[in-house]
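Peer 1: Per this note's numbering, numbering through the sequence shown is continuous, rising by one, with the last residue being 450.
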Amino acid sequence: MSRNMKPIYKQFIAILILMLPALIIPMIPGMSELLQYDRLAIADGEVWRLMTQHWCHWSMDHLFFDLFAFLILGLWAMQYSVRDLIVNIFISSLLISAGMLLWQNDQQHIRGLSGIDCALFAMVLFYVFKQAWLDDEYFWMTVSTLSMSAFIGKTIYELTIGQTLFMDGQAAGVTPLPLCHLIGFCCGLVIPLFKYSYKPKGILIKSIHTIA
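1. If distances are taken between C-alpha atoms only, which option among S297, L278, W296 comes closest to L288?
2. Give the range of the alpha helix (DSSP H) segment to which V285 is assigned.
3. Could you give the C-beta distance for I334 and I421, rounded to a whole number, given that I count them as a contact under 8 Å?
4. Run the CB neighbour count on L351, radius 10 Å, all protein chains shown included, and call it buried at 16 or more, exposed below.
5. Following the continuous alpha helix (DSSP H) through I324, name the residue where it begins and the one where it ends.
6. Per DSSP, what kind of secondary structure is I449 in: helix, strand or coil?
7. Around the C-beta of Y376, are 16 or more other C-beta atoms found within 10 angstroms, so that it is buried, or is it exposed?
8. Determine the DSSP secondary structure at D276, reduced to helix, strand or coil.
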């Protein structure tokens with residue numbers, strides 16, 4: 239799709255700044271344990287863990303893959319709206335942790351950016367669809383719609399069977415957290431949708447014109 243790309247180097251620097259906590263935390267002994275999601279500690283009042291757990295990781299591989307996805311999706315999302323990106327990260331980080339606290343009682347400790355990565359993925363798909371709608375680019379409308387459907391279907395499948403679809407989580411030493419991913423993805427869709435539902439322009443304007 240044709241878009242006026244914002245200066246990529248500025249976006250890259252901004253994303254690196256957002257990534258800094260995840261890079262610094264492993265360098266400080268005991269910091270990951272202090273900041274990770276800990277169900278009992280949160281119940282005792284350590285509520286900061288609801289936000290900080292996303293920037294903690296179990297291994298360097300875990301850190302690398304989470305940050306790689308965050309970098310790519312973050313840069314892509316910034317081409318559409320820096321403000322929405324920041325709001326998305328903030329709100330999704332809270333709601334993901336709150337959702338896990340309420341609905342996944344068996345999970346004592348959680349670390350990782352994968353839920354926020356899913357929120358950024360959904361945000362990108364929303365804006366890809368929106369721009370394709372405005373430009374009458376049916377290929378990208380189809381791609382974004384199928385991507386959303388595939389992700390939601392995959393996550394519901396994983397929630398149902400308690401196992402990841404494309405890998406053996408137990409063999410890899412990874413605990414599947416599809417609920418975390420689903421909450422993040424829903425945040426990434428709802429936040430920009432909520433914005434445009436109260437700001438009648440773009441995709442909504444075209445819908446009104448089509449109906450008229």
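Virtual Cβ for every residue (Gly too), placed ideally from N, Cα, C.
Peer 2: Taking the definition as stated:
1. Here the question's residue 288 lines up with position 50 in the sequence shown. If we check each option's Cα against that of L288, L278 comes out closest.
2. As a first step, residue 285 is located in the sequence shown; it is residue number 47 there, counting from the start. Looking at the DSSP string, V285 is not in any alpha helix (DSSP H), and its letter there is neither H nor E.
3. Numbered from its first residue, the sequence shown carries residue 334 at position 96. Numbered from its first residue, the sequence shown carries residue 421 at position 183. Right, their Cβ atoms sit about 5 Å apart.
4. For this step, residue 351 is matched to residue 113 along the sequence shown. Label assigned to L351: buried.
5. Counting from one through the sequence shown, the residue named residue 324 turns up at place 86. Here the alpha helix (DSSP H) through I324 covers 320-341.
6. Translated into the one-based positions of the sequence shown, residue 449 becomes position 211. In this prediction, I449 scores a pLDDT of 35, lower than 50, which makes its location untrustworthy; the coordinate-derived value is nonetheless stated afterwards. If DSSP states are grouped into helix, strand and coil, I449 belongs with the helices.
7. Walking along the sequence shown from the start, residue 376 turns up at place 138. With fewer than 16 Cβ atoms within 10 Å of its Cβ, Y376 is classed as exposed.
8. For the purposes of this step, residue 276 is identified with residue 38 of the sequence shown, where counting begins at 1. Here D276 sits in strand by DSSP.
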